[in-house]
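Numbering (this note's numbering), first residue to last: 1 to 1105.
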């Protein structure tokens, strides 16, 4: 790589000369390549400890009489520097001899190099990474054997404690790995940890490891200390571990995508980061905190923030805080916590203008801007350090807004076509099914409505209302029922999603109601168990609305689909909100407020159980000790989290908790739990149940919530909850993976082929293979081993490395056929059990089962005619079999030349007398549309017969046909015989036994081509009789059949298997097992542990094609 010429005065310090010419010197840094000796160890140690990271190769320009040298090229590899060296000799050196003065030579070389650099820069966009970072990135990939697509984020100087001694070196943090490298006087230390394997990440300060970071994996503990920026390093490690855990939770294989918009966005005062990826991750972290603080859609990206003041008209004061900008919103949060908060959607902004000073002397109107919305509401921000930049930035964001995204559309459902399901979106069900309220309750509700109306007349209404401490107090006292749906949508941010996705709910409902799937069936079972005491859900109107909301969300987010407890939450939302609004509230709960709660593994709820346990231990140690002693903490808390206290608290009390939940987020759940007592009551709302309550009334719900805020409000913040969630997410994901692995091992041991140790090692390698390919074990309901699914490349890699059958010329062919045999769903994936069976059958099964598996792997339709190889593939396999087949043809017809092509070359050329048709007719009478899949299932069942349980079929599919394998046509048998020759060619005696058995089978196959042959003739005289006996011809020239063979009813249809060359499974097994060497060879059992250990120890780059 050409660099801008730079002067150096010492050309030999730390460098060795590789080549020298009159004007140029090619140098290699000591400690690299061929360099040896004490000086090389010293330079290598210095480069390892210090943050110099120079490229290991460079080219200097020199003149004979000058002591000044110029660096004109650097490179990370010898090949790159050699290319630059060659270019100099071809394009520069011939010209240098024409100059008279050395100064002219130097000036020409420098100008030439600068022109080359300028020419390249014209064609390259702005480089996002520094040269130093690129050098480090190259060293990272070379030292740790990383694939090219692995992205290095950052690197830090630190010490690693190994054998009670610190090793000074460098920690490298990439998207999927944490690595450490140290080189101290020839002693190298290398460590590589995958983020997906981390179970604990903590900062500690002990006597043995002062001021350290502790990393715990499944196998070991690691300690790092002497960080220059410990907090920054630990925060980045947490973020990368969190990304890895979320990929494991969500069963997604999507790779990490860099946000290239950061390169072109208008920015100011952005600190320089060592890599663009580090800047991207920091931006993601800030965006996550931003969306969490203001309840914004998770896709929102924070653009920047600015210290300023906000003028609040309700108390006529300037409030210091921070202004936040993103693609769709302007937000403000006060410096004093919860004093005032504001959200302004950019779609509502009508005008942004500079506000001039009014001369009143107030400090708040200097550098001010005035933002006016389309609803004629104005917001004044002051004390802005760079007002012009902020105005330009807001103008840029406004210009990027699409014109038609937020255009208002009618909210009523359009008239459906005749074939569509006709439905009507319902208003809040409380307006259709009114409950009887006593006079005190009505009076209390009216009082609250007046208080809220007065409050909103001061602070505004809707998304852009000022959220103040006075509003918080009103929320704690309870939102009136008439305003509950509106305020829930505003506080949660779901109204923003509704506006940004106009018309989506109607489309989802139409599609969901017309489809049938497992989620819809589960929803139907739970509809009548959703708040049955409320009159709305004793009527079809409420039940239908609940069905539409749940089915539409299951279609919108198939990753979650439907989970129990969603019906209870959705039913409460429908009581107070219009139908579409309830849908978006449910989406906000599942995806933003309570992430990962509502899935098959309820990971989010399990994580929050750990958070709750830690908070209880910190703040209520006596209660924690008692619950821990009884083992009830996790037992009682799961339903609390999933139903938001609706199922464990009186309904009229639980909705007050939901008021605070939508206003303050998930922290409310933890606050209320620590104060939860039996006997909670609410005199300001009507109870749904008319049954008398026996529990003693102990505390009013409003007092309980107020007490929880006063006691724990400061210590339990949303940011603190997120921090604890990350800590416990590592543990929960590891526990779930361990549980899945244990269940998988338990299921695989039922096959009784591989022992427990081999299965454990095999499963670890499968998991490593999936993680390396950026795929993760997924949650499958059919069987635990279905969570580990391998594609063909991964299956072939592992099978060829472990199976003794995949070692010769036919290794890839055997692997492909075993993959097809184990791919029971024909979806291109094989489960962990499929690989376990393929390996176990090849090393532990008896001779009969092994030969049956080989036979079935070559049987049609698993081995189709498209996959048949040419007959001259190898010298020992198919060609030998073809020669034997031709030998029998020559015995039968000595005067006929040897045919160049087989009589029947593929399954498709067998005509109407195809034995597969006969076989299909015997197992399937439903027509020819499904015969191939039915036959494939039957062949697989035959191959795996004798096992405790067969491979599961696709859910909802028809029962598998009876086990059986069709006869092998000639081409398929040639393939099988070639594979047997390949497996046995290492032993002459064994090879001869296969040849003898193959000869007999070829003779038996001829029986089906000669229907007139007497079946009672012994095999010894079979071919002599075949050669001597010719078919009889009648006067018309037609061949006559022998009397003992029945003629088919029709020559075109219904012909018998006789007349087509074939071998049956029984003939194959009986013939092969009659040879003692073959039986002994296939009965031999071996262990997979040596191959498994070798596979674990070798470089992972060699394990994936």
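Beta carbons are placed, not taken as given, at the ideal position from N, Cα and C, and that holds for glycine. It should be emphasised that the depicted structure is a prediction, and the values quoted were computed from it without experimental measurement.
Put residue i into one of helix, strand or coil per three-state DSSP.
| i | result |
| --- | --- |
| residue 602 | coil |
| residue 367 | coil |
| residue 945 | coil |
| residue 150 | coil |
| residue 291 | helix |
| residue 992 | helix |
| residue 881 | For residue 881, the predicted model reports a pLDDT of 49, less than 50, meaning its position is unreliable and no value from the coordinates is stated. |
| residue 356 | coil |
| residue 423 | coil |
| residue 93 | helix |
| residue 908 | Interpretation of residue 908 is limited by its pLDDT of 31, a score under 50 that renders its predicted location unreliable; the figure taken from the coordinates is listed afterwards. The answer is helix: DSSP assigns residue 908 an H, G or I state. |
| residue 350 | strand |
| residue 466 | coil |
| residue 862 | coil |
| residue 818 | helix |
| residue 569 | helix |
| residue 335 | coil |
Find out if the Cβ-Cβ distance for the pair residue i, residue j is shorter than 8 Å.
| i | j | result |
| --- | --- | --- |
| residue 733 | residue 249 | yes |
| residue 645 | residue 657 | yes |
| residue 542 | residue 573 | no |
| residue 242 | residue 736 | no |
| residue 1075 | residue 993 | yes |
| residue 975 | residue 866 | no |
| residue 797 | residue 806 | no |
| residue 312 | residue 349 | no |
| residue 240 | residue 173 | yes |
| residue 225 | residue 210 | yes |
| residue 554 | residue 562 | yes |
| residue 193 | residue 217 | yes |
| residue 524 | residue 548 | no |
| residue 214 | residue 223 | yes |
| residue 749 | residue 756 | yes |
| residue 303 | residue 289 | no |
Using 10 angstroms around the beta-carbon of residue i, count the other beta-carbons present and answer buried if the total reaches 16, otherwise exposed.
| i | result |
| --- | --- |
| residue 609 | buried |
| residue 1006 | buried |
| residue 99 | exposed |
| residue 794 | buried |
| residue 984 | buried |
| residue 319 | buried |
| residue 328 | buried |
| residue 450 | exposed |
| residue 89 | exposed |
| residue 74 | buried |
Cutting at 7 Å between CB atoms, please list the residues of its own chain near residue i, excluding the five before and the five after it.
| i | result |
| --- | --- |
| residue 113 | 2, 5, 72 |
| residue 370 | 353, 355, 378, 380 |
| residue 585 | 488, 489, 492, 494, 573, 577 |
| residue 660 | 475, 476, 668, 705 |
| residue 469 | 338, 339 |
| residue 530 | 537, 546, 567, 568, 571 |
| residue 741 | 763 |
Excluding five sequence neighbours on each side, which residues of the same chain lie with their C-beta closer than 8 Å to the C-beta of residue i?
| i | result |
| --- | --- |
| residue 162 | 189 |
| residue 69 | 7, 8, 9, 11, 25, 60, 61, 62 |
| residue 236 | 153, 154, 173, 278, 281 |
Between which residues of its own chain and residue i is the CB-CB distance below 6 Å, once the five residues before and five after are set aside?
| i | result |
| --- | --- |
| residue 565 | 642, 643 |
| residue 849 | none |
| residue 435 | 686 |
Looking at the C-beta of residue i, does it have a partner C-beta in chain D at a distance below 8 Å?
| i | result |
| --- | --- |
| residue 77 | Protein chain content of the structure displayed is limited to a single chain, and chain D is not contained in it. |
Exercise for review: Count the C-beta pairs between the segment 471 to 482 and the segment 710 to 727 that are closer than 8 Å, then say yes if the count reaches three, no if not.
Suggested key: no
Exercise for review: Could you tell me whether the segment 503 to 510 touches the segment 325 to 341, using the rule of 3 or more Cβ pairs below 8 Å?
Suggested key: Verdict: no, contact absent.
Check your understanding: Pairing CB atoms from the segment 761 to 768 with CB atoms from the segment 1077 to 1096, are three or more of them under 8 Å?
Key -> yes
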